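Here's the structure, in C-alpha cells; my notes come after.
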Amino acid sequence: MENATFNIKTEVFEGPLDLLLSLVEKRKLFINDISLSKVADDYIKHIQEFQNSLVSSGQTSYFPVSEITNFVVVASILILIKSKSLLPQLDITTEEQQNIEELEDRLKEYKKYKQLSVFVAERFGKNIIFPRAQISKYIQPIFTPDHTITKENILMVVLDTINRAPKPEKIPQQTVKKTISLEETIVNLTQRITQKLKMNFGEFSKYGKVEKITVVISFLAMLELVKQGTIIVKQENIFSEISMETQQLELPHYTMDE
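In the numbering used here, the protein residues as written are 295 to 552.
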C-alpha cells in the first residue's frame, strides 16, 4: 500500500514538505526556485495514487485528514512567503493587511500546536503506572472551613467576581450596500447612450462622486459594448475624457414618388 507521507521532488529540492518550509524560513533555499503549482499537482496525484492502492487492496480507509491539513497549512505559509517575495512593494488596504496578519498569526499558532503534538506523541504511554494509595473503605468526609470563611466573605467574593466579568458589548449595526451588477450597468449604459447618442464616460460613471468599484464596473460595461459593436469610444489624449457614441443610429428613410 502507498505511504500517506508526501515527498516533494523538484530540480532543486527533494524531501518532505516540512523540510522545504524549514529551509525556506532559514533562507537556505530560495522560494522562487520552487514551483508551488507543480507541488500542488504532485500532491493531488499522490492522494489519487494512495486511494487507488487502497481500492486495489480491498481496504475502505481514506487518506488521513491530518496529512491534508498539514499540507494546506505548510502550502499556505509557502504561498505567503512567495507572494511577499514577488510583490514586496504591493500597495494593499488596511483590511487586506489585517487579513494577512491574521493568517500569519493562525499559521504560527498551528506550528506551535503541531510541535506540542509531536512532544505528546513521543511521551504518550510512558510513566503512566503509579502506585495506588491505600485508601480506607470507610472514611467519613469532613469539611472544616477556615475561620475567615463566612457568609459575608463568600458574598463579597461572588459580587467581586460578577463585577469583574466582562460586560456585554453592543455590536454596532452595519448597513448592507446594494451590489451593482455588470449586467445591470450594461443595460443602463445601453439605454443612456441610445437616448443621448453621445456622452462622456465621466458623465455616466459619475467619477469622483461614487465608489471606485462603481467606476470599475461602468468601465467594464463600456468595454463590453465596444466589443459588441454597440458603441465606439474616442480619447484625444492620455487621461483625457473618454467620449462614447452609439453606432446603431436609426436614420429616417425617404422615398420619392414617381
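Ideal placement from N, C-alpha and C gives every residue a C-beta, glycine not left out.
Computed from a prediction, not measured in an experiment: that's the story for all the values here.
According to DSSP, is residue i helix, strand or coil?
| i | result |
| --- | --- |
| Ser-537 | strand |
| Lys-376 | helix |
| Ile-525 | strand |
| Glu-463 | coil |
| Gly-309 | strand |
| Asn-531 | coil |
| Lys-500 | coil |
| Ile-436 | coil |
| Lys-472 | coil |
| Ile-443 | coil |
| Ile-328 | coil |
| Lys-322 | coil |
Residue i to residue j, Cα distance in whole Å?
| i | j | result |
| --- | --- | --- |
| Tyr-548 | Leu-491 | Bear in mind that a pLDDT of 43 at Tyr-548, under 50, signals an unreliable position, so the number given afterwards is only what the model happens to contain. If I take the Cα positions, the gap works out to 22 angstroms. |
| Lys-402 | Val-509 | 39 angstroms |
| Asp-327 | Asn-494 | 48 angstroms |
| Lys-528 | Glu-535 | 9 angstroms |
| Pro-546 | Gln-468 | Summary for Pro-546: the model assigns pLDDT 46, below 50, so the residue's position carries little reliability; its value from the coordinates is reported in the next sentence. Roughly 53 angstroms between the two C-alpha positions. |
| Glu-396 | Leu-311 | 23 angstroms |
| Met-550 | Gly-496 | Its pLDDT being 46, under 50, Met-550 is placed unreliably by the model, and the measurement read from it follows with that caveat. Taking the straight line joining both Cα atoms gives about 43 angstroms. |
| Leu-348 | Val-333 | 23 angstroms |
| Thr-488 | Ala-369 | 52 angstroms |
| Leu-314 | Gln-345 | 25 angstroms |
| Gly-309 | Lys-378 | 24 angstroms |
| Ser-351 | Ser-411 | 31 angstroms |
| Glu-530 | Glu-539 | 14 angstroms |
| Met-450 | Val-414 | 41 angstroms |
| Thr-455 | Ile-436 | 27 angstroms |
| Leu-453 | Asp-440 | 20 angstroms |
| Glu-389 | Ile-507 | 16 angstroms |
| Val-504 | Ile-465 | 28 angstroms |
| Phe-533 | Glu-478 | 26 angstroms |
| Thr-387 | Asp-399 | 18 angstroms |
With a threshold of 7 angstroms on Cβ separation, who are the neighbours of residue i within its own chain once the five nearest residues in sequence on each side are excluded?
| i | result |
| --- | --- |
| Gly-523 | Gln-541 |
| Glu-416 | none |
| Tyr-337 | Phe-300, Phe-365 |
| Ile-480 | Ala-515, Glu-518, Leu-519 |
| Glu-552 | Note that Glu-552 has pLDDT 42, beneath the 50 cutoff, so the model's placement of it is unreliable and no number is given. |
| Phe-307 | Leu-314, Leu-323, Ile-328 |
| Arg-486 | Met-493, Phe-498 |
| Leu-476 | Ile-511, Leu-514, Ala-515 |
Ignore the nearest five residues each way along the sequence and tell me which others in residue i's own chain have a CB closer than 6 angstroms to its CB.
| i | result |
| --- | --- |
| Thr-299 | none |
| Leu-317 | Leu-323 |
| Asn-447 | none |
Is the beta carbon of residue i less than 7 angstroms from the beta carbon of residue j?
| i | j | result |
| --- | --- | --- |
| Ala-515 | Leu-483 | yes |
| Leu-380 | Leu-330 | no |
| Ile-325 | Lys-405 | no |
| Ile-474 | Ile-511 | yes |
Going by the C-beta, is residue i closer than 6 angstroms to any heavy atom of the ligand FAD?
| i | result |
| --- | --- |
| Thr-442 | Although the ligand FAD was asked about, the structure shown includes no ligands whatsoever. |
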